[in-house]
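*Asks:*
Protein chains: 2
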Amino acid sequence: MNRQQLFEQIRKKSSYLCVGLDTDLKKIPRHLLAEKDPVFEFNRQIIDATHDFAVAYKPNIAFYEALGPKGWESLQKTLEYIPQDVFTIADAKRGDIGNTSSLYAQAFFSEMNFDSITVAPYMGEDSVKPFLEFAGKWVILLAHTSNTGANDFQLIESASGRKLYEEVLLRSQQWGSPDQLMYVVGATQADKIQGIRALAPDHFFLVPGIGAQGGDLEMTSRHGMNKQCGLLVNSSRAIIYASGDKDFTTRARTEAQQVQQEMHRLLESILGE
Amino acid sequence: MNRQQLFEQIRKKSSYLCVGLDTDLKKIPRHLLAEKDPVFEFNRQIIDATHDFAVAYKPNIAFYEALGPKGWESLQKTLEYIPQDVFTIADAKRGDIGNTSSLYAQAFFSEMNFDSITVAPYMGEDSVKPFLEFAGKWVILLAHTSNTGANDFQLIESASGRKLYEEVLLRSQQWGSPDQLMYVVGATQADKIQGIRALAPDHFFLVPGIGAQGGDLEMTSRHGMNKQCGLLVNSSRAIIYASGDKDFTTRARTEAQQVQQEMHRLLESILGE
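Keeping their order, the protein sequence lines are chains A and B.
Heads up, the first sequence is in numbering that gives the first Met the number 0, so the first residue is 0 and it goes up one at a time.
Heads up, the second sequence is in numbering that gives the first Met the number 0, so the first residue is 0 and it goes up one at a time.
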C-alpha cells in the first residue's frame, strides 16, 4: 500500500486507528482456549469486529515468537486473514548488519507479506537500507519511543545541539523517501511533537499507546497531523482486551468505534475532511 | 553458564572462539539439501567438527526466522544439540518496551534455553531490564558495532564529550553486573578498544567478524583482554563455509583449529595461561 492509498483509506474510514494485535494466551477469553489455534481464532474475531474502524493492524511479533513455531503459524494465518485494504505492520524492532537485515526483510516482506516493519536505528544506515530495498514496502524507524527508557539515550544532546532522536530523523531521511519511511513517535508534549513534525513534514508517524480519553489523542493530532493526516495512532489492550469474556468482540468493536469517532471529529476539525 | 565457568571453558580449550551459525540454504553443501532438515543437519555436522575448539555458538536468528516455522524448529533442534559446556548466544538484537522484551526473553531463555541474547540499547533501561531478570542468563548489549553504519549514531558525541556507545557502556552498567551483561564491541582500532576496556574492565565483550589473519585478532586481544580473558571472538563464514563441498566438516575443523591455535598463543602470551 502506498502513501496515497493509505491516506485514501484514512479518508474512507474517517480513522487513523491502528489496532495492536498483542495476543496473549493468558489474556484472551477462556472459551477460545478450546480452539485448535486460539491465537488465530482470537485475532480473526478481533479483525472481524474492528476492521470497519481500523486502517492498520500491528501484530507485536514478540507475542508470537514466544510461542515457538506454532506462534509463527498463527501469525502467518492472521496476516493472510487481514483484509487487503488494511495496512499491516510487523512490530518487530529488528536491525542488524546488512545481509542479516536482508534476511529479516525477506522473512517479513516476502515470506509473510507485511506492508511494513518497525526497525531500530542504533546500527545505522547499512542496517536499515536492506529493508528499504523492497519495492512497495515500508520501514517504520524508531525515533522517539514512548517508554521511560526513551530518556536514557534518545534525548542525549550532541555537540551540534540536536538530540539523538532528532539526528535519527534527519539522517535517515537521506536513506529513504516519505513513501517508504515512517517513524515511531511516542512523544506526548505539544512542543516536542511540533518539533518532530517540523523535522519530518511529509512522513507518517506511528504513535504508540495513546488513549482516546485524556486529551492525548487530540493534542497529538493537532500538533502532529500533516495534509495527508500523517498519523497512525495505535491502541492495543484498550481494544482487544476491552472484555475478557464472551462479549469481547462487541466490546472491542465499541471501543474501536469510539476511537474512530473521535478521530473523525479531529480529521474534520483539523483537515476539513 | 556463569562467568567463572565460561573462563574455565576458555582455559580448558585454550580458546575464546565463538562460531557463528549463519546457516543459509543457498550456501550449505548441495548434498545436504536431500536431508529432511538440511539446516539442522548442517549445524549438527559443524558442531561435531568444531566443538573441541569453540567455547560458544552463535546462531544468527535472522537466518532461521527467514525460513518460517520450519526455521524455528531447526533452531530449537540445533540448540538442543549443542554440548552443555558450550555457551550459546541468540544473535537476535531484540529490544522493546518492558512487557514485550519479557516475551522475547521468554522465547529465547525459557522456550529455547539460550544462555544469552544480543539486545539493542536504543529504547533504554526498561527495554533491557526484562532480559536481566532471568537468573543465570546473559544480555549482550550492542555498544560499538563493526559495520559502516556504526558511525551514523554510535559515534555522536554528547555535550559531556562522550560518544553514544560510551554512554551505553556507562549507563547500562547500572542495570546489570558483569555476571549478566556483556557488550558487542566491534572496534578494531587499538586506542578505541583500550578505551572501551577502561570503561568496562570486568565485562566480557563479544567481538564480531575478526579474521584470524591480518593482525586484528592479535591487536584486539592485546588491547581488549582482561584477567578472565573477557573476550569471545566470533567467526562465522570463514569457518562454516570454508568449503561448500563434501569436505566441509574437515575444512571447518581445520579453520577452527587454526583460530584456536592462534588464541592459545595469545592466551599464553597475554595472560600466561
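Just so it is clear, CB atoms sit at the ideal spot from N, CA and C, and this is done for glycine as well.
Computed from a predicted structure; not experimentally measured.
Report the neighbours of Ile155 of chain B on chain A: residues whose CB is nearer than 8 Å to its CB, in chain order.
*Replies:* Correct list: Ile155, Ser157, Leu163, Glu166.
*Asks:* So with CB distances below 7 Å, who are the chain A contacts of Ser126 of chain B?
*Replies:* Asn146, Gly148
*Asks:* Taking all protein chains shown into account, decide if Asp190 of chain B is buried (16 or more other Cβ within 10 angstroms of its Cβ) or exposed.
*Replies:* exposed
*Asks:* Rounded to a whole number of angstroms, what is the C-alpha to C-alpha distance between Gln260 of chain A and Tyr121 of chain A?
*Replies:* 37 Å
*Asks:* I need the DSSP call for Ser145 of chain A, collapsed to helix, strand or coil.
*Replies:* Here Ser145 of chain A sits in coil by DSSP.
*Asks:* Using a C-beta to C-beta distance shorter than 7 Å, which residues of chain B count as neighbours of Thr249 of chain A?
*Replies:* Chain B residues near Thr249 of chain A: none, gap ~26 Å exceeds 7 Å.
*Asks:* Please return the same chain residues whose Cβ sits closer than 7 Å to the Cβ of Gln44 of chain A, not counting the five positions on each side in sequence.
*Replies:* Thr248
*Asks:* Taking three-plus beta-carbon pairs below 8 Å as touching, is the stretch 49–59 of chain B in contact with the stretch 127–135 of chain A?
*Replies:* no
*Asks:* Could you say which of B:Asp21, B:Arg2, B:Gln193, B:Met218 lies nearest to Ser101 of chain A if we only look at CA atoms?
*Replies:* Nearest to Ser101 of chain A by alpha-carbon distance, out of B:Asp21, B:Arg2, B:Gln193, B:Met218, is B:Asp21.
*Asks:* Please identify the residue among B:Ile238, B:Thr99, B:His143, B:Phe113 whose C-alpha is closest to the C-alpha of Asp95 of chain A.
*Replies:* Distance check between Asp95 of chain A and each of B:Ile238, B:Thr99, B:His143, B:Phe113 places B:His143 closest, using alpha-carbon atoms only.
*Asks:* Give a yes or no on contact between the stretch 192–206 of chain B and the stretch 169–182 of chain B, applying the rule of three or more CB pairs nearer than 8 Å.
*Replies:* Contact between the stretch 192–206 of chain B and the stretch 169–182 of chain B is present: three or more C-beta pairs spanning the two stretches fall below 8 Å.
*Asks:* Taking 9 Å as the threshold (C-beta atoms), are Ala241 of chain B and Thr253 of chain B in contact?
*Replies:* yes
*Asks:* Output yes if chain B places a C-beta closer than 9 Å to the C-beta of Thr49 of chain A; else output no.
*Replies:* no
*Asks:* Taking only beta carbons into account, state which residues of the stretch 28–60 of chain A come closer than 7 Å to chain B, listed in chain order.
*Replies:* Asn59
*Asks:* Tell me, please, whether the CB atom of Tyr240 of chain B is closer than 9 Å to any CB atom in chain A?
*Replies:* It does not; no Cβ of chain A falls within 9 Å.
*Asks:* Give, in chain order, every residue of the stretch 105–120 of chain A whose Cβ lies closer than 7 Å to some Cβ of chain B.
*Replies:* Gln105, Ala106, Glu110, Ala119, Pro120
*Asks:* Report the residue from B:Thr117, B:Phe41, B:Arg221, B:Leu154 whose alpha carbon sits nearest the alpha carbon of Met262 of chain B.
*Replies:* B:Arg221
*Asks:* Expressed to the nearest angstrom, what Euclidean distance is found between the alpha-carbon atoms of Met218 of chain B and Ile269 of chain B?
*Replies:* So the two alpha carbons sit approximately 11 Å from each other.
*Asks:* Along the alpha helix (DSSP H) that carries Ser219 of chain A, what are the first and last residues, could you check?
*Replies:* Residue identity check: residue 219 of chain A is Thr in the sequence provided, not Ser. Annotation: the continuous alpha helix (DSSP H) that includes Thr219 of chain A extends over 215–223.
*Asks:* Excluding sequence positions up to five away, which residues of its chain have a Cβ less than 6 Å from the Cβ of Lys92 of chain B?
*Replies:* Thr117, Ala119
*Asks:* Cβ atoms of Ala89 of chain B and Ser126 of chain B: under 9 Å apart, would you say?
*Replies:* no
*Asks:* Please tell me whether Pro200 of chain B has its Cβ less than 9 Å away from any Cβ of chain A.
*Replies:* It does not; no Cβ of chain A falls within 9 Å.
*Asks:* Could you name the residues of the same chain whose beta carbon sits closer than 7 Å to that of Thr99 of chain B, not counting the 5 residues immediately before and after it, in chain order?
*Replies:* Once the five neighbours on either side are set aside, Thr99 of chain B has no close Cβ partner at all.
*Asks:* In this structure, how does DSSP classify Asp190 of chain B when only helix, strand and coil are distinguished?
*Replies:* helix
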